[in-house]
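Trainee: Per numbering that gives the first Met the number 0, the sequence shown runs over residues 0 to 215. Backbone N, C-alpha and C define an ideal beta-carbon position, used for all residues, glycine too.
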Amino acid sequence: MRVLIAEDEIVMAGAIAEGLRLQALAVDTVHDGDEALQRLAVNEYDVLVLDRDLPKVHGDDVCRAVAGGDVRILMLTAAGELADRVHGLGLGADDYLAKPFAFAELVARVRALGRRARPASPPVLERAGLRLDTTHREVFRDGRVVGLSRKEFAVLEELLRADGAVVSTEQLLERAWDEHTDPFTNVVRVVVMTLRRKLGPPAVVETVTGVGYRIR
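1. When the distance is taken between beta carbons, is glutamate 157 closer than 7 angstroms to valine 166?
2. Could you name each continuous alpha helix (DSSP H) segment of 4 residues or more that falls completely within the region 124-180, going from the start of the chain to the end?
3. Measure the alpha-carbon distance for alanine 127 versus phenylalanine 139 and round it to whole angstroms.
4. Could you give the distance in angstroms between the alpha-carbon of valine 85 and the alpha-carbon of glycine 113?
5. For aspartate 69, name the three-state secondary structure that DSSP assigns.
6. Give the straight-line distance between the Cα atoms of glutamate 8 and alanine 25, rounded to the nearest whole angstrom.
7. With glutamate 205 as the anchor, note down where its alpha helix (DSSP H) starts and where it stops.
8. Let me check understanding here. Comparing Cα to Cα, which of Leu147, Leu53 and Ala23 lies closest to aspartate 31?
9. Quick check on this structure: which residue in Lys150, Asp94 and Arg213 has the alpha carbon closest to the alpha carbon of leucine 19?
10. Tell me which residues share the same chain as proline 122 and place their Cβ nearer than 8 angstroms to its Cβ, disregarding the 5 neighbours each side in the sequence.
11. Rank Arg188, Asp59, Pro201 and Leu198 by C-alpha distance to the C-alpha of threonine 208 and give the top, closest one.
12. Tell me, please, which residues DSSP counts as bridged to tyrosine 95.
13. Does the region 39-51 touch the region 190-201, meaning 3 or more C-beta pairs lie closer than 8 angstroms?
14. Can you tell me whether aspartate 33 is helix, strand or coil according to DSSP?
15. Which same chain residues, not among the five before or five after alanine 66, have their C-beta less than 6 angstroms away from its C-beta?
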(Lines of atoms letter the chains of each structure in order from A and count residues from 1; the text may use other names and numbers.)
(Lines give C-alpha, C1' and ligand atoms only; values in the text may rest on other atoms or scores of the structure.)
Protein backbone atom coordinates (compact mmCIF):
# COMPACT_ATOMS: atom_id res chain seq x y z
CA MET A 1 0.00 0.00 0.00
CA ARG A 2 1.29 3.47 -0.86
CA VAL A 3 0.32 6.52 1.20
CA LEU A 4 0.78 10.27 0.72
CA ILE A 5 0.83 12.40 3.86
CA ALA A 6 -0.02 16.08 3.31
CA GLU A 7 0.69 17.79 6.64
CA ASP A 8 2.31 21.19 7.17
CA GLU A 9 3.57 20.36 10.67
CA ILE A 10 6.89 18.81 9.65
CA VAL A 11 7.51 16.95 12.92
CA MET A 12 4.03 15.43 12.90
CA ALA A 13 4.29 14.49 9.23
CA GLY A 14 7.60 12.76 9.89
CA ALA A 15 6.24 10.89 12.91
CA ILE A 16 3.18 9.66 10.99
CA ALA A 17 5.34 8.63 8.04
CA GLU A 18 7.80 6.68 10.17
CA GLY A 19 5.00 4.97 12.07
CA LEU A 20 3.29 3.89 8.85
CA ARG A 21 6.59 2.65 7.40
CA LEU A 22 6.94 0.43 10.45
CA GLN A 23 3.64 -1.11 9.31
CA ALA A 24 5.28 -2.03 5.97
CA LEU A 25 3.60 0.80 4.03
CA ALA A 26 5.33 2.96 1.40
CA VAL A 27 4.98 6.61 2.42
CA ASP A 28 5.70 10.00 0.83
CA THR A 29 5.25 13.34 2.61
CA VAL A 30 4.48 16.88 1.46
CA HIS A 31 3.89 20.04 3.48
CA ASP A 32 1.53 22.17 1.38
CA GLY A 33 -1.50 21.67 -0.82
CA ASP A 34 0.17 22.66 -4.06
CA GLU A 35 2.85 19.98 -3.68
CA ALA A 36 0.19 17.45 -2.69
CA LEU A 37 -1.66 18.03 -5.96
CA GLN A 38 1.59 17.72 -7.92
CA ARG A 39 2.45 14.36 -6.31
CA LEU A 40 -1.08 13.04 -6.79
CA ALA A 41 -0.89 13.94 -10.47
CA VAL A 42 2.21 11.83 -11.14
CA ASN A 43 2.08 8.99 -8.58
CA GLU A 44 -0.54 6.38 -7.77
CA TYR A 45 -1.50 6.40 -4.09
CA ASP A 46 -3.95 4.20 -2.25
CA VAL A 47 -4.56 6.65 0.60
CA LEU A 48 -4.10 10.39 1.10
CA VAL A 49 -3.74 11.47 4.73
CA LEU A 50 -4.77 15.10 4.32
CA ASP A 51 -4.42 17.88 6.88
CA ARG A 52 -7.27 20.29 6.35
CA ASP A 53 -5.34 23.47 7.12
CA LEU A 54 -2.61 23.35 4.48
CA PRO A 55 -0.79 26.42 3.10
CA LYS A 56 -0.73 27.46 -0.58
CA VAL A 57 -3.72 25.28 -1.51
CA HIS A 58 -6.13 24.64 1.34
CA GLY A 59 -6.83 21.04 2.27
CA ASP A 60 -10.50 21.52 1.41
CA ASP A 61 -9.53 22.46 -2.16
CA VAL A 62 -7.15 19.50 -2.44
CA CYS A 63 -9.97 17.24 -1.29
CA ARG A 64 -12.39 18.68 -3.85
CA ALA A 65 -9.82 18.27 -6.62
CA VAL A 66 -9.08 14.58 -6.06
CA ALA A 67 -12.30 13.24 -4.51
CA GLY A 68 -13.99 10.61 -6.61
CA GLY A 69 -10.72 9.29 -8.02
CA ASP A 70 -8.80 6.17 -7.09
CA VAL A 71 -7.15 7.57 -3.96
CA ARG A 72 -9.02 7.32 -0.65
CA ILE A 73 -8.88 10.42 1.57
CA LEU A 74 -8.44 10.47 5.34
CA MET A 75 -8.85 14.08 6.46
CA LEU A 76 -7.05 15.27 9.60
CA THR A 77 -8.06 18.41 11.45
CA ALA A 78 -7.81 20.05 14.84
CA ALA A 79 -11.56 20.74 14.63
CA GLY A 80 -13.50 17.75 15.89
CA GLU A 81 -17.01 19.11 16.13
CA LEU A 82 -19.82 17.28 14.36
CA ALA A 83 -20.35 20.14 11.90
CA ASP A 84 -16.67 20.04 10.93
CA ARG A 85 -16.75 16.28 10.36
CA VAL A 86 -19.90 16.57 8.27
CA HIS A 87 -18.35 19.37 6.21
CA GLY A 88 -15.15 17.39 5.62
CA LEU A 89 -17.05 14.33 4.48
CA GLY A 90 -19.22 16.55 2.30
CA LEU A 91 -16.11 17.69 0.44
CA GLY A 92 -15.51 14.11 -0.66
CA ALA A 93 -13.28 12.77 2.11
CA ASP A 94 -13.74 9.06 2.80
CA ASP A 95 -12.94 9.32 6.51
CA TYR A 96 -12.22 11.97 9.12
CA LEU A 97 -9.94 11.96 12.16
CA ALA A 98 -9.67 14.78 14.68
CA LYS A 99 -6.37 15.75 16.30
CA PRO A 100 -5.07 14.62 18.69
CA PHE A 101 -5.58 11.00 17.73
CA ALA A 102 -4.31 7.59 18.79
CA PHE A 103 -1.78 6.35 16.26
CA ALA A 104 -3.25 2.83 16.34
CA GLU A 105 -6.57 4.29 15.18
CA LEU A 106 -4.85 6.16 12.34
CA VAL A 107 -3.18 2.95 11.16
CA ALA A 108 -6.47 1.04 11.32
CA ARG A 109 -8.27 3.73 9.32
CA VAL A 110 -5.50 3.95 6.70
CA ARG A 111 -5.51 0.17 6.23
CA ALA A 112 -9.30 0.09 5.98
CA LEU A 113 -9.25 2.82 3.32
CA GLY A 114 -6.43 1.06 1.49
CA ARG A 115 -8.56 -2.06 1.16
CA ARG A 116 -11.25 0.09 -0.45
CA ALA A 117 -8.81 1.76 -2.85
CA ARG A 118 -8.34 -1.42 -4.86
CA PRO A 119 -10.53 -4.42 -5.60
CA ALA A 120 -11.68 -5.68 -2.22
CA SER A 121 -9.42 -8.24 -0.58
CA PRO A 122 -9.62 -9.69 2.91
CA PRO A 123 -7.25 -8.63 5.70
CA VAL A 124 -5.90 -12.19 5.76
CA LEU A 125 -4.44 -13.43 2.44
CA GLU A 126 -3.80 -17.12 1.79
CA ARG A 127 -2.24 -19.01 -1.10
CA ALA A 128 0.15 -21.93 -1.63
CA GLY A 129 0.44 -22.67 2.07
CA LEU A 130 1.12 -19.03 2.91
CA ARG A 131 -1.00 -17.01 5.31
CA LEU A 132 -0.44 -13.24 5.62
CA ASP A 133 -2.35 -11.24 8.22
CA THR A 134 -2.22 -7.54 7.30
CA THR A 135 -3.79 -6.44 10.59
CA HIS A 136 -1.28 -8.14 12.90
CA ARG A 137 1.62 -8.15 10.41
CA GLU A 138 2.11 -11.90 10.70
CA VAL A 139 3.15 -14.43 8.08
CA PHE A 140 2.89 -18.22 8.27
CA ARG A 141 4.19 -20.94 5.90
CA ASP A 142 2.38 -24.22 6.43
CA GLY A 143 1.61 -23.14 10.01
CA ARG A 144 5.20 -22.03 10.72
CA VAL A 145 5.74 -18.40 11.74
CA VAL A 146 7.98 -16.54 9.29
CA GLY A 147 9.70 -13.35 10.43
CA LEU A 148 9.94 -10.83 7.59
CA SER A 149 11.36 -7.34 7.22
CA ARG A 150 8.99 -4.51 6.33
CA LYS A 151 9.89 -4.62 2.62
CA GLU A 152 9.71 -8.41 2.46
CA PHE A 153 6.26 -8.26 4.03
CA ALA A 154 5.13 -5.52 1.62
CA VAL A 155 6.37 -7.45 -1.44
CA LEU A 156 4.73 -10.67 -0.28
CA GLU A 157 1.47 -8.81 0.35
CA GLU A 158 1.46 -7.44 -3.20
CA LEU A 159 2.20 -10.87 -4.67
CA LEU A 160 -0.58 -12.50 -2.65
CA ARG A 161 -3.06 -9.76 -3.59
CA ALA A 162 -2.35 -10.54 -7.25
CA ASP A 163 -3.84 -14.02 -6.63
CA GLY A 164 -1.51 -15.86 -8.98
CA ALA A 165 -1.10 -13.11 -11.58
CA VAL A 166 2.35 -11.81 -12.43
CA VAL A 167 3.45 -8.60 -10.69
CA SER A 168 6.16 -6.65 -12.51
CA THR A 169 9.25 -5.20 -10.87
CA GLU A 170 7.93 -1.73 -11.74
CA GLN A 171 4.62 -2.44 -9.98
CA LEU A 172 6.43 -3.65 -6.87
CA LEU A 173 8.59 -0.52 -6.84
CA GLU A 174 5.48 1.64 -7.24
CA ARG A 175 3.52 0.00 -4.42
CA ALA A 176 6.13 -1.09 -1.87
CA TRP A 177 8.75 1.68 -2.08
CA ASP A 178 8.53 5.46 -1.94
CA GLU A 179 9.39 7.92 -4.67
CA HIS A 180 13.03 8.27 -3.61
CA THR A 181 13.87 4.76 -4.79
CA ASP A 182 16.06 4.56 -7.89
CA PRO A 183 13.92 2.90 -10.61
CA PHE A 184 17.06 1.19 -11.96
CA THR A 185 18.01 -0.37 -8.62
CA ASN A 186 18.10 -4.14 -8.07
CA VAL A 187 16.44 -3.78 -4.67
CA VAL A 188 13.36 -5.78 -5.73
CA ARG A 189 15.49 -8.73 -6.83
CA VAL A 190 17.41 -8.65 -3.55
CA VAL A 191 14.23 -8.52 -1.44
CA VAL A 192 12.65 -11.37 -3.42
CA MET A 193 15.80 -13.42 -2.91
CA THR A 194 15.76 -12.97 0.87
CA LEU A 195 11.99 -13.53 0.93
CA ARG A 196 12.42 -16.89 -0.81
CA ARG A 197 15.12 -17.89 1.64
CA LYS A 198 12.97 -17.06 4.67
CA LEU A 199 9.87 -18.79 3.29
CA GLY A 200 11.93 -21.93 2.73
CA PRO A 201 11.56 -24.80 0.27
CA PRO A 202 9.84 -25.61 -1.91
CA ALA A 203 10.00 -22.15 -3.50
CA VAL A 204 6.61 -20.50 -4.00
CA VAL A 205 7.76 -17.17 -5.44
CA GLU A 206 8.29 -17.78 -9.14
CA THR A 207 10.33 -15.54 -11.43
CA VAL A 208 8.68 -14.98 -14.81
CA THR A 209 11.66 -14.01 -16.93
CA GLY A 210 11.41 -10.53 -18.38
CA VAL A 211 8.03 -9.93 -16.73
CA GLY A 212 8.09 -10.12 -12.93
CA TYR A 213 7.10 -12.43 -10.09
CA ARG A 214 4.13 -14.45 -8.93
CA ILE A 215 3.01 -16.84 -6.22
CA ARG A 216 2.41 -20.22 -7.83
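Mentor: In this structure, then:
1. Taking 7 angstroms as the Cβ cut-off, valine 166 and glutamate 157 qualify as a contacting pair.
2. Every alpha helix (DSSP H) stretch that sits fully inside the region 124-180 and reaches 4 residues is listed by chain position as 149-160 and 168-175.
3. In a straight line, the C-alpha of alanine 127 is about 11 angstroms away from that of phenylalanine 139.
4. Looking at the backbone, the Cα of valine 85 and that of glycine 113 are separated by about 22 angstroms.
5. In the displayed model, aspartate 69 falls within coil according to three-state DSSP, outside both helix and strand.
6. Going by the C-alpha atoms only, they are around 20 angstroms apart.
7. Not the alpha helix (DSSP H): glutamate 205 falls in the beta strand (DSSP E), residues 204-207.
8. Between aspartate 31 and the set Leu147, Leu53 and Ala23, the nearest pair of CA atoms involves Leu53.
9. Nearest option by C-alpha distance: Lys150.
10. Cβ neighbours of proline 122 beyond the five flanking positions: Arg110, Arg114, Asp132, Thr133 and Thr134.
11. The residue with the shortest Cα to Cα distance from threonine 208 is Arg188.
12. In the DSSP output, where bridge partners are listed per residue, tyrosine 95 has Met74.
13. Segments in contact, no.
14. Secondary structure at aspartate 33: helix, using DSSP grouped into helix, strand and coil.
15. Taken in chain order, the residues that qualify are Gly91.
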